[in-house]
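Participant: The sequence shown finishes on residue 476 if you use my numbering, and the numbering steps up by one all the way, no holes. C-beta: ideal position from N, C-alpha, C; glycine also. Sharing a structure, written as structure tokens. Questions coming.
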Amino acid sequence: MNSFYNAEKVSANVYWVGAVDWHVRDFHGYKTQRGTTYNAFLIIDEKITLVDTVKKGFTNEMLERISTVVPLEKIDYIVSNHAEPDHSGGLLEAIGKIKPEKVFASSFGAKTLAAYYGIEAEVVPNGSSIDLGKGKLTFVETRMLHWPDSMISFYDADGMLFSQDAFGMHLAGSKLWADEYQESIIDYEMRKYFCNIINAQSGKVLALLEELPKLNLDIKAILPDHGPLFRKDFGKVMQLYRECAEQKPQPKAVVVYATMWQATEMLARAFADGVRAQGMEVKVLDLAVADRSEVMTEVAAAGLVAFGAPTMNNNVFPLMMDALTYVRGLKPQNKTGFAFGSCGWSGEGAKQISEQLNLMKFEQPIPFIQSKYRPTDAEMKAAFDAGFNLAEQVGNKVKQP
Ligand code: FEO
Numbered sequence: 076m077n078s079f080y081n082a083e084k085v086s087a088n089v090y091w092v093g094a095v096d097w098h099v100r101d102f103h104g105y106k107t108q109r110g111t112t113y114n115a116f117l118i119i120d121e122k123i124t125l126v127d128t129v130k131k132g133f134t135n136e137m138l139e140r141i142s143t144v145v146p147l148e149k150i151d152y153i154v155s156n157h158a159e160p161d162h163s164g165g166l167l168e169a170i171g172k173i174k175p176e177k178v179f180a181s182s183f184g185a186k187t188l189a190a191y192y193g194i195e196a197e198v199v200p201n202g203s204s205i206d207l208g209k210g211k212l213t214f215v216e217t218r219m220l221h222w223p224d225s226m227i228s229f230y231d232a233d234g235m236l237f238s239q240d241a242f243g244m245h246l247a248g249s250k251l252w253a254d255e256y257q258e259s260i261i262d263y264e265m266r267k268y269f270c271n272i273i274n275a276q277s278g279k280v281l282a283l284l285e286e287l288p289k290l291n292l293d294i295k296a297i298l299p300d301h302g303p304l305f306r307k308d309f310g311k312v313m314q315l316y317r318e319c320a321e322q323k324p325q326p327k328a329v330v331v332y333a334t335m336w337q338a339t340e341m342l343a344r345a346f347a348d349g350v351r352a353q354g355m356e357v358k359v360l361d362l363a364v365a366d367r368s369e370v371m372t373e374v375a376a377a378g379l380v381a382f383g384a385p386t387m388n389n390n391v392f393p394l395m396m397d398a399l400t401y402v403r404g405l406k407p408q409n410k411t412g413f414a415f416g417s418c419g420w421s422g423e424g425a426k427q428i429s430e431q432l433n434l435m436k437f438e439q440p441i442p443f444i445q446s447k448y449r450p451t452d453a454e455m456k457a458a459f460d461a462g463f464n465l466a467e468q469v470g471n472k473v474k475q476p
């Protein structure tokens, strides 16, 4: 096979053979402004092993990269760390061309691969290993991080931790290693990925961060299934995950709003100005132009979150319920919330937002504001004061040990 794609060497016995998706901008509702990668890895040992595959449509790219290292039929094993189709979409075609001796997956992974594709995988129990010759591959289940089937695997000969979605990010690029990118981009995209994909399971992340050191893995590189790879600063990577998972309140505010005829927008701006007057950083997101994954990213980074929308046909404006449903599913914690809105007559919007904030267990020390047609001066002042006072309260909370 002539190949126009190359494999890239990761370590003495491991190659990156994944695909770069420069084009994708919407990943099941997550806006991927920087594209993404689907990482797959080839271990050249006595038993040649492919770890994960790629999204459907990128299978040829992966197979071509593999074939620059080894003929496809020489591969003995395929490991599926995670059965979501961005990593298993190419599996059926790969199996057809490679004809591996075995496909390995976790117990839930085997069930999921059978349901999706009719693939029969051999179950590798949590903590078990397979012998590849020079090294062994050990499997650690990371159930619900972020699917029931999720697991990570460790190749001890080279110290490679195949971490699947964990520590990944949606970032397409021409460089293999995270330290070859601007630190601020890596930091932003990792946090964005965490809060949009993993946030709901923060407790399990903290438990895993406690467990990992006990396994005494001599990690030389962390190889996630999306974005660049890590060959150093593992402590920093783990610390970023710890910070994200702890969800401690931060001295920042975000105001998320939808508007029809600018009444709610006026209240949003007054609230934001109140926060500014308190000296706290604030970001204002109009749902007409901000998507739900951007909203969640900012909500995760903020201690104070305000949501405002008009009433439309006896309900909150639909864009707002979309954002709130998405955010609620991701279970952000330790937030101070505020609801506001505007209406012409019936006025259910702000109340419905406040109910959603209650369901998320956000503290709401100040009751919602609902204006009619156009905010009065008193309502504008109330919105400003709410921003000012809540920013002060959150600022004080952050200072507490
Ligand atoms: Fe990248 Fe959960 O799939």
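Quick one, are the C-beta atoms of Leu-117 and Lys-172 less than 9 Å apart?
Facilitator: Indexing the sequence shown from 1 puts residue 117 at position 42. Indexing the sequence shown from 1 puts residue 172 at position 97. Taking 9 Å as the Cβ cut-off, Leu-117 and Lys-172 do not qualify as a contacting pair.
Participant: Take the Cβ of Glu-121 as the centre, count every other Cβ of all protein chains shown within 10 Å, and call the residue buried at 16 or more, exposed below.
Facilitator: Locating residue 121 in the sequence shown gives position 46, where the first residue counts as 1. By the 10 Å Cβ count, Glu-121 comes out exposed.
Participant: Going straight from the alpha carbon of Met-355 to that of Ala-343, what length do you get?
Facilitator: Translated into the one-based positions of the sequence shown, residue 355 becomes position 280. Translated into the one-based positions of the sequence shown, residue 343 becomes position 268. Going from the Cα of Met-355 to the Cα of Ala-343 covers about 15 Å.
Participant: When you measure from the CB of Asp-161 to every non-hydrogen atom of ligand 1, does any distance come out below 8 Å?
Facilitator: Sequence index remark: in the sequence shown, residue 161 carries index 86 (1-based). Yes, the Cβ of Asp-161 comes within 8 Å of a heavy atom of ligand 1.
Participant: Check Gln-445 in the structure and name its three-state DSSP category.
Facilitator: Counting from one through the sequence shown, the residue named residue 445 turns up at place 370. Correct three-state label for Gln-445: strand.
Participant: Let me confirm a value: Ala-453 is counted as buried when at least 16 other C-beta atoms fall within 10 Å, else exposed. Which label applies?
Facilitator: The residue labelled residue 453 in the question sits at position 378 within the sequence shown. Looking at its Cβ environment, which holds fewer than 16 other Cβ atoms inside 10 Å, Ala-453 is exposed.
Participant: If you draw a straight line from the alpha carbon of Pro-299 to that of Val-145, how long is it in whole angstroms?
Facilitator: The sequence position of residue 299 within the sequence shown is 224, counting from 1. The sequence position of residue 145 within the sequence shown is 70, counting from 1. The straight-line gap from Cα to Cα measures roughly 23 Å.
Participant: Can you list, in chain order, the residues of its chain with a C-beta nearer than 7 Å to that of Ala-398? Leave out the 5 residues immediately preceding and following it.
Facilitator: Here residue 398 refers to the residue found at position 323 when the sequence shown is read from its first residue. Only Val-331, Leu-362, Arg-367, Val-370 meet the Cβ criterion.
Participant: With which residues is Cys-418 paired in a DSSP beta bridge?
Facilitator: In the sequence shown, counting from the first residue as 1, residue 418 sits at position 343. Answer is Lys-447, bridged to Cys-418.
Participant: Name the DSSP beta bridge partners of Ser-204, please?
Facilitator: On the sequence shown, residue 204 is found 129 positions in, with the first residue counted as 1. Note: Ser-204 sits in a beta bridge opposite Thr-213.
Participant: Taking the beta strand (DSSP E) that Ala-352 falls in, what are its first and last residues?
Facilitator: For the purposes of this step, residue 352 is taken as residue 277 along the sequence shown, with counting starting at 1. Run containing Ala-352: none in the beta strand (DSSP E); it sits in the alpha helix (DSSP H), 338 to 352.
Participant: In angstroms, rounded to a whole number, what distance separates the CA positions of Gly-202 and Leu-236?
Facilitator: Taking the first residue of the sequence shown as 1, we reach residue 202 at position 127. Taking the first residue of the sequence shown as 1, we reach residue 236 at position 161. So the two alpha carbons sit approximately 14 Å from each other.
Participant: Could you tell me which of Leu-304, Leu-188, Leu-287 sits nearest to Lys-83, measuring between CA atoms?
Facilitator: Taking the first residue of the sequence shown as 1, we reach residue 83 at position 8. In the sequence under discussion, the amino acid at residue 83 is Glu, which differs from the Lys named in the question. Nearest of Leu-304, Leu-188, Leu-287 to Glu-83, Cα basis: Leu-304.
Participant: Quick check on Ser-225: does DSSP put it in helix, strand or coil?
Facilitator: Mapped onto the sequence shown, residue 225 falls at position 150. In the structure shown, Ser-225 sits in coil (DSSP, three-state: anything other than H, G, I, E or B).
Participant: So, helix, strand or coil for Pro-324, using DSSP?
Facilitator: Residue numbering aside, residue 324 sits at position 249 when the sequence shown is read from its first letter. Coil.
Participant: Whole angstroms is fine: what's the gap from Ser-142's alpha carbon to Glu-136's?
Facilitator: Along the sequence shown, one-based indexing puts residue 142 at 67. Along the sequence shown, one-based indexing puts residue 136 at 61. For Ser-142 and Glu-136, the distance between alpha carbons rounds to 10 Å.
Participant: Quick check on Arg-100: buried or exposed, where buried means 16 or more other Cβ atoms within 10 Å of its Cβ?
Facilitator: Here the question's residue 100 lines up with position 25 in the sequence shown. It counts as exposed.
Participant: Any C-beta of chain B sitting closer than 9 Å to the C-beta of Phe-415?
Facilitator: Considering every chain present, this structure includes no chain B. It has just one protein chain.
Participant: Which parts of the segment 153 to 185 are runs of the alpha helix (DSSP H), unbroken and 4 residues or longer, counting only runs that do not cross its ends?
Facilitator: Complete alpha helix (DSSP H) runs here, min 4: 160 to 163, 166 to 173.
Participant: Would you kindly report the start and end of the unbroken beta strand (DSSP E) that includes Pro-34?
Facilitator: There is no way to answer for residue 34, as the model of the chain reaches only from 76 to 476.
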